[in-house]
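First the structure, in the form of C-alpha cells, and then the observations on it.
Protein chains: 2
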Amino acid sequence: MRQVHICEVGPRDGLQNAHHLMPTEAKKRWIRALAEAGLEEIEVGSFVPPKLIPAMADTAEIVQHALTIPGIRVVALAPNVKGFQRAVEAGAHKVTFPVSASRKHSESNVRMTPEQMIGQVKACVELRDASGKPTLIEGAVSTAFGCTMQGEVPEDDVVKFATMLAEAGCDCVALADTVGYANPAQIRRVFRRVRAAIGAKLEAAHLHNTRGLGLANALAAYEEGVRHFDSSMGGLGGCPFAPGASGNVITEDLVFMFESMGVPTGIDLDKLMEARKLMVAAIPDEPVYGHMALAGVPKGFRAAA
Amino acid sequence: MRQVHICEVGPRDGLQNAHHLMPTEAKKRWIRALAEAGLEEIEVGSFVPPKLIPAMADTAEIVQHALTIPGIRVVALAPNVKGFQRAVEAGAHKVTFPVSASRKHSESNVRMTPEQMIGQVKACVELRDASGKPTLIEGAVSTAFGCTMQGEVPEDDVVKFATMLAEAGCDCVALADTVGYANPAQIRRVFRRVRAAIGAKLEAAHLHNTRGLGLANALAAYEEGVRHFDSSMGGLGGCPFAPGASGNVITEDLVFMFESMGVPTGIDLDKLMEARKLMVAAIPDEPVYGHMALAGVPKGFRAAA
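Just so you know, the protein sequences line up as chains A and B, in that order. Be aware that the first sequence starts at -18, since it is given in our numbering, and climbs by one per residue. Be aware that the second sequence starts at -18, since it is given in our numbering, and climbs by one per residue.
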C-alpha cells in the first residue's frame, strides 16, 4: 500500500546534532509514538564513542527497546567495524555506514579516506555473511552533493564510491545531502547516474533542508524513481554551519507533500503530530521546524488511499 | 539571458497581509533596492479602498516613484474598474485582477461572483483598448488550488475562469495558490490543463508557502514550462489562517533554487540580501522567513551564467 517509504532519522541524525539531550525514557516513548504513527523504519541511534557524542550513549538500550515494538525496522548508524559489532550485538535490523564522498569531510569525520571507510564496510559485510545473521547493511554516500569543507564534490566520485559500496556487498546504497547543498537538477542528475551504475541497490535519499530545498529535492528524487526517504521530525538537529536553519528534511511536511499528491506513505498525520508533541515536550528548548505543525492540513484534505 | 522571470510581490501581497505598516519612504527605498538586485517586475501596491487596507493607501505615490526607476515593470493590483482607473492614472505598466475560482472566496473578497468579476476585467480591457494606452492586463485565478472557506475548488472551474479571462482579452493569465493548499502533482495537472485551454496566455504561478511546499510547487510548475513566478521577499505577509506560517514563496530561496539549478534569474543574491536588510529595518517587528538569509550560499556556489 505504501508507495514511498520514510525512515525517521530524528532519534539519530536529529538528536546527534541537537543542542539538548533527550532522556532515554523520553526517546523510548517518542520512538513508540513514531511507530504508532506508521513509521516502519526508524534510525534510533549511532554506535559512536559516547565520549564523542554523549547524546548517543544510550543507543544499545534504545535499540533493544525499539526491538520490542512490533512492525518496525530498527536502524542504527555505525562508523566502523567496532560500531557495527555493537549494533549487531544490540540486535539492530539494519546498520547504515556514512561514507563521505568528500575526502576532506571523510578525514575529518571518521579519520579515514573514503576507500578505507569502504574497506570497513566490506569487512562488516564479511562478518555478517560469516555469522549468518540477517542484518541489513546500507552504505550511505554522504556529502554527495557538496561539502562545507571541500565545496564541490565531483559527481564522478559519488558514482565511484556508490559503485564500490554496492560491490562491497551492501544491501542498499543511499545518497546523502549531508550539509543541504543539493538542488533539484543535481538530485536528478546524480541519482540517475548512480542508478545507471548500480541499479536497484540505489535506494534512499537522505536530504537536509538547510537551504530550504528539502522538499523540492525530495520531489525531484521521487520523480527520478526514488521511493525511500530519510527525514527527521521537526527538522530536528539544525546544522552547526547554518545557525537557525533546520536539519533534515522535515518528516511532517514530507508526509504531507506525498499524501497530498496522492502517494500513500502509510503514515497518519494526526498521530505524527502526537509524536511531535512528545518530542517537543522532551526537549522543550530545542528549536523545531515544520509548516504542517503551524498550518495544519487544508480544508477538505484527504490522505492518499 | 533570464530563463525565469520573477515578480516581487512583497510590497503588495506581503505588506497587505503584514502586521506592521511600512512607511512610504521606506517602501520607496526597498523597491529601489529590489530593482538594483535585478528584479525586473515589482508589484508595488493595490488600488483598493484605503479604509479597507490602510497599508495600501499610498499606492499611487509608490507607483509614481517606481516609474522613475529605470528598467522595471511596475505592477499594481486592482479589484474592479475603479481600481483599474486609478492604476492607469498613476501610470502602472501592468494591472493584475484577482478572480477567485472559489465562489465563496470571491463573494467574500470582492462581493462579486467570479463571472461578475470577469465582467469587470472585460470592461477594463475595453477601456484600455479604447484609450490606446499600453497598460498590460493580467487575470489571476486565485484560490485555484483550494480555498480555506470552500475547501476543494473544482479544476474544471479553474480551467473555465482562466479561459474566460483569456477570452475577455487579458494579456496574460496567472494561477494563484492564494492560501497555500497546492501540491506538486496538482500544480502539474492544473497548469497542464489550463495551458491546453489557453496556450501561451497562461503565464505566472503565484505560490504561497503556507504548508512548506512553495519551492516544490515552483519546481513542478517550472518543469511544466512555467517561466514567470510571483514571490515575496522574506516570505512576508504570513497567512491569517496559519499563524507562524510564511506567506508567499520566498524570493531569496526561489532565486537560490533556480540559480543553483543553472537557471538564470537575472537577480543578484548578494544585492537581494541588501534589499532584505532594508525591508527588515523598515518593519523590524514583522516575522520574516527564508533559509538563504540564515544559511548563505554553499561553498563554491556559482550563480547561473
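Glycine is no exception: its CB is placed at the ideal position from the N, C-alpha and C atoms.
{"Item": "Alpha-carbon to alpha-carbon, Glu205/B and Cys105/A", "Value": "45 Å"}
{"Item": "Neighbour flag for Gly225/A against chain B, beta carbons, 7 Å", "Value": "yes"}
{"Item": "Beta strand (DSSP E) segments (min. 3 residues) lying fully within the region 25 to 99 of chain A", "Value": "54 to 58, 75 to 81"}
{"Item": "Opening and closing residue of the beta strand (DSSP E) in which Gly195/B lies", "Value": "Run containing Gly195/B: none in the beta strand (DSSP E); it sits in the alpha helix (DSSP H), 195 to 204."}
{"Item": "Contacts that Met238/B makes with chain A (C-beta to C-beta distance below 9 Å)", "Value": "Asn164, Pro165, Arg192, Gly193, Leu194, Ala197"}
{"Item": "Distance, Ser213/A Cα to Pro35/A Cα", "Value": "19 Å"}
{"Item": "7 Å Cβ cutoff, Gly(-9)/B in contact with chain A", "Value": "no"}
{"Item": "Rounded straight-line distance, which links the Cα of His187/A to that of Ala38/A", "Value": "23 Å"}
{"Item": "Whether Val56/B touches Ala47/B by CB criterion (7 Å)", "Value": "no"}
{"Item": "Runs of beta strand (DSSP E) wholly within the region 105 to 159 of chain A (minimum 3 residues, chain order)", "Value": "117 to 123, 153 to 157"}
{"Item": "For Asp(-6)/A, the first and last residue of its enclosing beta strand (DSSP E)", "Value": "Taken as a continuous stretch (DSSP letters only), Asp(-6)/A belongs to no beta strand (DSSP E), as it is neither H nor E."}
{"Item": "Cα-Cα separation between His1/B and Ile264/B, rounded to whole angstroms", "Value": "6 Å"}
{"Item": "Backbone CA spacing between Arg169/A and Gly243/A [nearest angstrom]", "Value": "21 Å"}
{"Item": "Amino acids of chain B, ordered along the chain, whose beta-carbon sits closer than 7 Å to that of Pro279/A", "Value": "Gly127, Tyr162"}
{"Item": "7 Å CB neighbourhood of Thr124/B in its chain, flanking five on each side removed", "Value": "Ser81, Ala82, Ser83, His86, Val134, Thr159, Val160"}
{"Item": "Through-space distance from Ala197/B to Phe126/A, alpha-carbon basis", "Value": "18 Å"}
{"Item": "Pick from Pro279/A, Glu136/A, Gly180/A that is closest to Arg192/B, judged by C-alpha positions", "Value": "Pro279/A"}
{"Item": "Burial state of Asp234/A (16 or more Cβ within 10 Å)", "Value": "buried"}
{"Item": "Partner residues on chain A for Glu88/B, Cβ-Cβ distance less than 8 Å", "Value": "Near Glu88/B there are no residues of chain A at all, since even the closest Cβ is about 17 Å away, more than 8 Å."}
{"Item": "Sequence-distant residues of the same chain with beta carbon closer than 8 Å to Ser89/B, five excluded per side", "Value": "Met130"}
{"Item": "7 Å Cβ cutoff met for Val119/A and Ala143/A", "Value": "The sequence shown places Glu at residue 119/A, not Val. No, the Cβ-Cβ distance between Glu119/A and Ala143/A is not below 7 Å."}
{"Item": "Ala41/B vs Ala71/B beta-carbon contact at 7 Å", "Value": "yes"}
{"Item": "CB contact check: Asp234/A to chain B, cutoff 7 Å", "Value": "yes"}
{"Item": "Rounded C-alpha distance that separates Phe237/A from Met273/A", "Value": "7 Å"}
{"Item": "Proximal residues to Asp110/B (C-beta, below 7 Å), its chain only, five neighbours per side dropped", "Value": "none"}
{"Item": "Outcome for Arg283/B when other beta-carbon atoms lying within 10 angstroms are tallied against a minimum of 16", "Value": "exposed"}
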